[in-house]
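For reference, the structure discussed in these notes is given below.
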Amino acid sequence: QVQLVESGGGLVQAGGSLRLSCVASGRSYRMAWYRQAPGKQRELVASITTTGRINYVDSDQGRYSISRDNAKNTVYLQINSTQPADSAVYYCTGGGEFSTADIWGQGTQVTVSS
């Protein structure tokens, strides 16, 4: 079973930037980032395959950038021009060809102060 460990969360001021990292113990064809804000449902932010195919779901895709390093089994999420609405627990997931979230990381908290 592949395990995922996120890092990079924390407190950042509005207008700043943050890069989340997720290291996997093995390779997943598709890796993704989800987020869950207080009182809201968990939602998919972006996904990326081993071949570099990217899908953004969030309407703020211009401020989010997903990337991965297959050699390091690591996926990243860059968040620029942070806003308080970005505050959430961000989860890394791994999936296959037809799924994005077969396995989940423990999550990393991102808090954006105004």
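Mapping of the sequence shown onto my numbering: residues 108 to 221, in sequence order.
Cβ coordinates follow ideal geometry from the N, Cα and C atoms, glycine included.
The beta strand (DSSP E) spanning Q143 covers which residue range? 137-143
If you follow the beta strand (DSSP E) that G202 is part of, which residue opens it and which one closes it? 195-202
Can the beta-carbon of M138 be found closer than 9 Å to that of G214? no
From the DSSP output, read off the bridge partner residues of Q216. V196
Look up A178 in the DSSP assignment and say whether it is helix, strand or coil. helix
In terms of residues, what are the limits of the beta strand (DSSP E) holding R170? Where R170 is concerned, there is no enclosing beta strand (DSSP E), given that its DSSP letter is neither H nor E.
Use the C-beta contact count for D193: other C-beta atoms within 10 angstroms, 16 or more gives buried, fewer gives exposed. buried
Please classify V152 as buried or exposed, where buried requires at least 16 neighbouring CB atoms within 10 angstroms. buried
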